[in-house]
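Note sheet for the following structure.
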Amino acid sequence: MIKIYQKHQNFILLLILFIAFRALTLLAYRPGGLILDFSDFYWYREFSQLSRQGYIPYQSIWTTYPPLFPVLMLWLWKLSALFPPWDQANLIFGLLMGGAFLLFEIGNFVLLYLIALKIYPLEKAFKPVWIYAALFVPVYTVTGWFESYPLFFFLLSLYLLLRGKPYLSAFFTGVGFMIKLIPLILLPIGMKLLPQKSERGRLRISALNVNFDLKQVGLYLFIFVATVVVIAYPFYQLNPDLIFGSAQITGARVPWETVWALLEGNYEYGVIPLDMRNLAWQPADGPGSSLPWLWITLAFGLLYTLLYTRRIDWQNPKAAVAFTGLTVSLFFLYSKGYSPQWLGWLLIFTSLLLPNLRGALYAVVLSFLNIIESNLFFPMFPGEHWLLTATVLLRSALIVALAIEFSLIVWPQLATPTVIKARRYALALGLATLLLATFPAGLRLKNAYFQTRLEQSPYRASISWLHEQPVTEAILMNDHAAYDWFYPYLRRSHQFYMLDDYADANTTVEAKTLRLLDSIAAQHKALWIFDADPAHTTPAETATNEWLDGLSPAHQADIDGGRLYLFILK
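Residue numbers for the sequence shown follow the working numbering, so the first one is 52 and each next one is one higher.
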């Protein structure tokens, strides 16, 4: 143990900080910030609560997940139900769920380091892990989404392939597949990394760089299929009609948050097209997609086959990992949907394969796009379709760029001086364009924000009416919340003043109010007063009424739950 610590002490130190930071984040932080309380943990808990009414996944309710995630979800919910609820009812469940995902995220971090050690010498293997540790999206994801759970089995399977343990890898690939479908993409990579034990029973196609030991391939695939069947069979027995539910629901959904969604004209997030308690639902009842998915699938399949059958040094761990990253990139480009928490799958490979400034820029820009998409567009600017369009197109372009980056690692002979120079210029041009575009985009979003908030304001009628009046002058307010709404829209045309009900030993509320009103009268010809709560009169309002005694309002109206007055002072 001492030798292990001495050899890997930098990583162990970072691991301690990695765990502490994420554990404290789970306890003291709520995802979504001040924009909204945003986490799938709420949905996980609500879905689990349905089991009280007899709705059990794979028995009497549809689910969008392969079986092993609903199982974990229900176990943790049942454990959380043993505790009385806190004021925020999701606290105990969220801590248990987040704690479980943190364990898998710790495993991901360790596996990242172990894979880095297969790619780089010890002195360079530390860099990818500290880059990953410093990224925002993995921390954010573990506080509200389950991605670290399937990602762990994906990375474990990949690491076992690199260690020359393909059959154990096939087992864990099967386990991962029963959590999320993505680990399936490791199978063709595993087939390339299988040991060649016999000259008999080989499939050789030299032109396609195919050289498979069919016995080894058969055993590898058998272990995967057997693992899937053994896990799936108990759920199949519960209700055979629901065993393929997650795939059927995905097939019935409209594309979301991808180029395919833009082609469909869909600017919504991934809406599930059914009430999952409705067992009479059929996949044909879903909205589906109008795009030719058979041809799209064939096109991506042909592209992948073309890449897969090129000459690759599969004995080089870095090439194998890079081809895995390329495969993940192509899968994301092919996928009909995208959810921001999926970005962690790509960030693993940017950290591993591009532990440099270029890789950091990819990760940072993709992370910003994630937040723009999930935390800005959907809750704040759902009508600004151009924003989602720009985000999706830019993210897709970056994934294409990453696919090219990974390809240059798989086939280093393609990285000619001309290609390297073109990559450098393309990156510089892209960053410059992006920075320049932020100014007009920010201005448009600012205008959209003002318009949207005005439409949602409890004082919309008052603000709009005052904006149209020829009499501007002064506005006197008695409520901070109302002031916060009025000021941004009327600050250029009106001078704002606020009543104050605090008095100390040296003055009185009445004296302070009279001084304020005298100052207003000296500077303005007219005074608007908005009383946010006419049923309640404060000492400052009493003093104001006495000061105005004898002046009849030129205008008075009950509006937006308050009362608006206009007094002509001169």
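Note that beta-carbon positions come from the ideal geometry of N, C-alpha and C, so glycine has one too.
Assumed close pair residue i, residue j - CB separation to whole angstroms, cut-off 8 Å
i, j, result
"His606", "Leu617", "4 Å"
"Phe152", "Arg96", "Wrong, their Cβ atoms sit about 14 Å apart, outside the cutoff."
"Leu186", "Ala176", "Between Ala176 and Leu186 the Cβ distance is about 17 Å, and since that is not below 8 Å, they are no contact."
"Val193", "Ser199", "5 Å"
"Ile526", "Leu541", "7 Å"
"Gly225", "Thr301", "About 19 Å separates the two Cβ atoms, so there is no contact after all."
"Asn290", "Val305", "The Cβ separation is near 26 Å, so there is no contact."
"Leu325", "Leu397", "That pair is no contact at about 30 Å."
"Tyr476", "Leu449", "Between Leu449 and Tyr476 the Cβ distance is about 16 Å, and since that is not below 8 Å, they are no contact."
"Glu456", "Tyr389", "That pair is no contact at about 20 Å."
"Ile363", "Val461", "6 Å"
"Leu270", "Tyr210", "Rounded, the Cβ-Cβ distance is 20 Å, inconsistent with contact."
"Leu358", "Leu377", "7 Å"
CB contact flag (residue i, residue j, <8 Å)
i, j, result
"Val322", "Leu384", "no"
"Trp365", "Ala371", "yes"
"Ser386", "Pro117", "no"
"Val379", "Ile236", "yes"
"Ala512", "Val560", "no"
"Ile170", "Leu403", "yes"
"Phe537", "Tyr510", "yes"
"Arg328", "Tyr109", "no"
"Leu445", "Asn421", "no"
"Pro406", "Pro179", "yes"
"Gln267", "Lys248", "yes"
"Gly241", "Ala221", "yes"
"Pro368", "Leu202", "no"
"Leu567", "Tyr553", "no"
"Ile120", "Phe197", "Note on identity: in this sequence residue 120 is Phe, with Ile being the wrong assignment. In this structure, Phe197 lies closer than 8 Å to Phe120 by Cβ."
"Gln299", "Pro343", "no"
"Gly613", "Ala533", "yes"
"Leu578", "Ile571", "yes"
"Arg409", "Leu480", "no"
"Ser340", "Glu319", "no"
"Phe351", "Leu381", "yes"
"Ala608", "Leu602", "no"
Own chain residues within Cβ distance below 8 Å of residue i, not counting five before or after
i, result
"Lys576", "Glu524, Ile619, Leu620, Lys621"
"Thr503", "Met431, Phe432, Gly434"
"Ile70", "Leu153, Ile157"
"Glu592", "Asn529, Leu550, Asp582"
"Leu438", "Ile423, Leu427, Phe428, Phe432, Ala492, Leu496"
"Ala283", "Pro118, Met229, Ile294"
"Phe77", "The question names Phe, but residue 77 is Leu in the sequence shown. Result list for Leu77: Gly145, Leu146, Gly149, Gly150, Leu153, Val193, Thr194, in chain order."
Cβ-based neighbour list, residue i, same chain, cut-off 7 Å, excluding 5 preceding and 5 following
i, result
"Ser102", "Leu125"
"Leu313", "Thr440, Val443"
"Thr360", "Leu259, Asn260, Val261"
"Trp181", "Leu65"
"Val188", "Leu394, Gly395, Leu398, Ser418, Asn421"
"Ser99", "Met124, Leu125, Trp128"
"Pro391", "Asn421, Glu424, Ser425"
"Gln60", "none"
"Gly611", "Note on identity: in this sequence residue 611 is Asp, with Gly being the wrong assignment. Taken in chain order, the residues that qualify are Pro509, Tyr510, Ala512, Ser513."
"Phe223", "Phe204, Leu207, Ser208, Leu211"
"Arg81", "Asp88"
Residue i Cβ short of 7 Å to the ligand GTP heavy atom set
i, result
"Phe134", "With respect to the ligand GTP, the structure shown offers nothing to examine, as it has no ligands at all."
Sequence-distant residues of its chain with Cβ nearer than 6 Å to residue i (five each side left out)
i, result
"Ser447", "Val310"
"Ser131", "Ile143, Phe144, Leu147"
"Ser508", "Trp536"
"Leu353", "none"
"Ile112", "Tyr106, Met327, Arg328"
"Leu459", "Leu465, Ala466"
Practice problem: Could you tell me whether the stretch 155–164 touches the stretch 205–219, using the rule of 3 or more Cβ pairs below 8 Å? | Solution: Three or more pairs of CB atoms, one per stretch, sit closer than 8 Å, so the stretch 155–164 contacts the stretch 205–219.
Quiz item: What are the start and end residues of each continuous alpha helix (DSSP H) run of 4 or more residues lying completely inside the stretch 117–198, in chain order?
Solution: If we require 4 residues or more, the alpha helix (DSSP H) runs fully inside the stretch 117–198 come out as 119–131, 142–170, 173–185, 187–193.
Quiz item: Is there contact here, the stretch 226–240 with the stretch 257–268, by at least three beta-carbon pairs under 8 Å?
Solution: Short answer: they don't touch.
Quiz item: Where are the alpha helix (DSSP H) runs, 4 residues long or more, that stay fully inside the stretch 210–268, in chain order?
Solution: Given a length threshold of 4 residues, each whole run of the alpha helix (DSSP H) inside the stretch 210–268 is given here in chain order: 217–228, 237–243.
Quiz item: Where are the alpha helix (DSSP H) runs, 4 residues long or more, that stay fully inside the stretch 375–418, in chain order?
Solution: Under the rule that a run must span 4 or more residues, the alpha helix (DSSP H) segments found entirely inside the stretch 375–418 read 394–404.
Exercise. Jot down the residue ranges of each uninterrupted beta strand (DSSP E) in the stretch 473–560, minimum 3 residues, whole runs only, in chain order.
Key: 525–528, 546–549, all fully within the stretch 473–560.
Quiz item: Between the stretch 74–92 and the stretch 131–151, do three or more beta carbon pairs fall short of 8 Å?
Solution: Put simply, the stretch 74–92 touches the stretch 131–151. At least three CB pairs are less than 8 Å apart.
Quiz prompt | Length at least 4, wholly inside the stretch 314–368: the alpha helix (DSSP H) runs in chain order | solution = Unbroken alpha helix (DSSP H) runs of no fewer than 4 residues, entirely contained in the stretch 314–368, are found at 344–359, following chain order.
Quiz item: What are the complete alpha helix (DSSP H) segments, minimum 4 residues, inside the stretch 288–315?
Solution: Taking only runs of at least 4 residues, the alpha helix (DSSP H) segments lying wholly in the stretch 288–315 are 296–303, 310–315.
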